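Participant:
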Amino acid sequence: MATTTAAAATPKVKSATKKAEHPTYEDMIKDAVLSLKERKGSSRPAIKKYILANFAVSSGPHFDSQISAAIKRGSAKDLFALPKGLSGTVKLKKVEKKVEKKTEKKTAKKVEKKTAKKTEKKAAAPKKTAAAAKKATKA
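In full-length UniProt numbering, the protein residues as written are 1 to 139.
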């Protein structure tokens, strides 16, 4: 009986969770849409076919549900655009945050250039009048 209590007293070592041999489904869908390069968006069957061909994933009902859930999550996170609804084609949304920062910097530079030009023009104008006044006094 002592052996059974000793075995029960030792804590069981939990097996480490097995990491997937493929990236997340959202990343795989991004890769599929980018490589398929369709103007109106990539269809679900085309995305599934690409993922099965390029990643270590097995097909089946579990795979189909994972794809549809990843598309829903991606559309909620604004990663994917669904122009024809939830069951239609999938497109990637463009990131506009970087564009806004660039335009702000450009407008700030333009304002600085305009103010610099105005001060130069104001400084140049009195010199011309002084030179004209000297010519008038000599004549």
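We put the CB at the ideal spot given by N, CA and C, even for glycine.
Since the model is a prediction, treat every value here as computed from it, not as a measurement.
#1: Is it the case that the Cβ atoms of Leu-92 and Lys-30 are separated by a distance below 8 Å?
#2: Please report how far the alpha carbon of Ser-42 lies from the alpha carbon of Phe-55, in whole angstroms.
#3: Quick one: Cα of Ser-35 to Cα of Ile-51, how far?
#4: Thinking C-alpha only, which one of Asp-27, Val-33, Arg-73 and Ser-65 is nearest Thr-89?
#5: By how many angstroms is the C-alpha of His-22 removed from the C-alpha of Lys-49?
#6: Using the rule of at least 16 other Cβ atoms within 10 Å of the residue's Cβ for burial, across every protein chain shown, is Gly-85 buried or exposed?
#7: Go ahead and pull the three-state DSSP assignment for Phe-63.
#8: What residue from Arg-39, Ala-46 and Lys-40 has the CA that sits closest to Met-28's CA?
Facilitator: In short, the structure shows the following:
#1: One thing to note: Leu-92 has its Cβ within 8 Å of the Cβ of Lys-30.
#2: Their backbone Cα atoms lie some 18 Å apart in a straight line.
#3: Taking C-alpha positions only, Ser-35 is separated from Ile-51 by approximately 11 Å.
#4: Measuring from the Cα of Thr-89, the nearest candidate turns out to be Val-33.
#5: Going from the Cα of Lys-49 to the Cα of His-22 covers about 15 Å.
#6: With fewer than 16 other Cβ atoms within 10 Å, it is exposed.
#7: DSSP, read as helix, strand or coil, puts Phe-63 in helix.
#8: Out of Arg-39, Ala-46 and Lys-40, Ala-46 has the C-alpha closest to the C-alpha of Met-28.
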